[in-house]
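Working notes for the structure below.
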Amino acid sequence: MIIPFDILQSGIEIFLLVFVRMTGLFVIAPIFGRRNVPTYLKIGFAFFLALILVSVSTTSLNLPDYNATIIGFILIVFKEFMVGIVLGYVSYLIFTAIYIAGQIIDMQIGFGMVNVLDPVSNIQVPVTSNFYFIISMMVFLMFNGHHLLIKALFDSYSYIPLGGALFGSELMNDVMRVFGDVFVIGFKISAPILIAILVTDVALGVVSKTVPQFNVFVVGMPLKILIGLAVMIITVPAFVAFIEVLINGMNSEMLDFMKDMGPR
1 MIIPFDILQS
11 GIEIFLLVFV
21 RMTGLFVIAP
31 IFGRRNVPTY
41 LKIGFAFFLA
51 LILVSVSTTS
61 LNLPDYNATI
71 IGFILIVFKE
81 FMVGIVLGYV
91 SYLIFTAIYI
101 AGQIIDMQIG
111 FGMVNVLDPV
121 SNIQVPVTSN
131 FYFIISMMVF
141 LMFNGHHLLI
151 KALFDSYSYI
161 PLGGALFGSE
171 LMNDVMRVFG
181 DVFVIGFKIS
191 APILIAILVT
201 DVALGVVSKT
211 VPQFNVFVVG
221 MPLKILIGLA
231 VMIITVPAFV
241 AFIEVLINGM
251 NSEMLDFMKD
261 MGPR
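Going by full-length UniProt numbering, the final residue of the sequence shown carries number 264, and the count climbs one at a time with no gaps.
The structure is reproduced here in structure tokens:
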């Protein structure tokens with residue numbers, strides 16, 4: 001059977017657009033966007049996922065009209081890449097709340113000056129943030145969060161057709177709302193330790209007034225570190241359950257962003 005050249009050309013263009021959106025997601029998404037994941041693996045994974053989607057997709061993958069010009073096609077490629085970047089960034093932004101929580105905790109228990117170099121992200125991160133982030137990534141894999149990312153990417157074509165992405169005011173409003181939610185989530189994660197440290201400070205203040213000879217500065221710092229680490233260990237099961245809620249929230253946020261970028 002001879003395949004007409006125009007059909008073959010159209011299929012290649014559709015595959016390229018799908019591949020670009022997939023690549024945009026894997027650039028920044030949790031797990032896939034880590035620097036210790038080889039670039040060849042990211043590209044190859046995106047390539048085969050795009051091949052599977054084009055082959056078995058039940059949604060209509062129609063080639064958008066770009067007036068048969070290279071400038072128009074480049075613009076569509078850029079829009080598809082931005083769709084993947086936005087979805088990946090939303091999924092990753094939820095987990096940046098963990099870094100904020102770790103920074104707040106370290107400032108309270110006395111680890112504010114202790115940062116470690118994360119060789120994966122190549123940035124300085126607090127010790128507590130690194131501990132929480134490792135747990136969150138393990139829970140993310142355990143609850144098949146990476147499957148949710150791939151499913152959301154496949155479902156995105158039901159809301160955002162090829163070349164049909166819109167970046168309007170509703171999208172910007174949701175971006176600002178998610179930024180605010182990140183700080184709220186970070187504070188909720190650190191709240192138990194903050195309360196424990198506050199109670200400790202009040203108790204040390206009472207002791208210092210009652211027994212002036214008692215050296216609060218010598219005893220206070222080790223005591224706050226000990227209490228902070230104890231509360232952190234005790235609240236790990238609750239933190240794991242909270243990460244499950246975050247994963248479900250990530251899925252719903254990605255759905256909202258897909259609706260914002262879809263045609264009205």
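C-beta: ideal position from N, C-alpha, C; glycine also.
Since this is a predicted model, take the numbers as computed values, not measurements.
Who are the Cβ neighbours of residue i in its own chain at under 6 Å, not counting the five residues just before and after it?
i: M221; result: G110
i: H146; result: I31
Taking the beta carbon of residue i as the centre, do at least 16 other beta carbons fall within 10 Å, making it buried, or is it exposed?
i: Y99; result: buried
i: M258; result: buried
i: L226; result: exposed
i: S158; result: exposed
i: I74; result: exposed
i: Y89; result: buried
i: S190; result: buried
i: V20; result: buried
Is residue i helix, strand or coil by DSSP?
i: T235; result: coil
i: P4; result: Residue confidence for P4 is low, a pLDDT of 43 falling below 50, so the modelled location carries little weight; the figure read from the coordinates is stated next. Coil, per DSSP.
i: residue 274; result: The requested residue 274 is not part of the displayed model; the chain covers only 1 to 264.
i: G88; result: helix
i: T69; result: coil
i: N173; result: helix
i: residue 266; result: In the structure as shown, the chain begins at 1 and stops at 264. Residue 266 is therefore absent and cannot be evaluated.
i: P263; result: coil
i: G164; result: coil
i: residue 315; result: Since the first and last residues shown for the chain are 1 and 264, residue 315 lies out of range.
i: F257; result: helix
i: N248; result: helix
i: G110; result: coil
i: F154; result: helix
i: P222; result: helix
Among residues of its own chain, excluding the 5 on either side of residue i, which ones have a beta-carbon nearer than 8 Å to its beta-carbon?
i: L171; result: V86, F257, D260 and M261
i: V231; result: P192, I193 and A196
Please list, in chain order, all residues of the same chain as residue i whose beta carbon is under 7 Å from its beta carbon, the five residues on each side excluded.
i: I160; result: V83, M258, M261 and G262
i: L204; result: V216 and G220
What number of angstroms, rounded off, separates the C-alpha of residue i from the C-alpha of residue j?
i: I52; j: A165; result: 22 Å
i: V120; j: P38; result: At V120 the pLDDT is 49, less than 50, meaning the model places this residue with poor confidence; the figure from the coordinates comes in the next sentence. Between V120 and P38, the C-alpha separation is close to 11 Å.
i: I243; j: S136; result: 6 Å
i: F47; j: S129; result: 33 Å
i: G168; j: V175; result: 11 Å
i: D201; j: V240; result: 28 Å
i: I234; j: I193; result: 10 Å
i: K42; j: N251; result: 21 Å
i: L255; j: I94; result: 14 Å
i: V127; j: M22; result: 33 Å
i: A152; j: G228; result: 38 Å
Measuring only from the beta carbon, is residue i closer than 6 Å to any heavy atom that is part of the ligand NAD?
i: I71; result: What this structure holds is no ligand at all, so the ligand NAD is not there to describe.
Exercise. If you pair each beta-carbon of the segment 18–37 with each one of the segment 136–143, do three or more pairs fall below 8 Å?
Worked result: Contact holds: three or more Cβ-Cβ distances are below 8 Å.
Exercise. For the segment 171–191 against the segment 199–216, are there 3 or more C-beta pairs whose distance is under 8 Å?
Worked result: no
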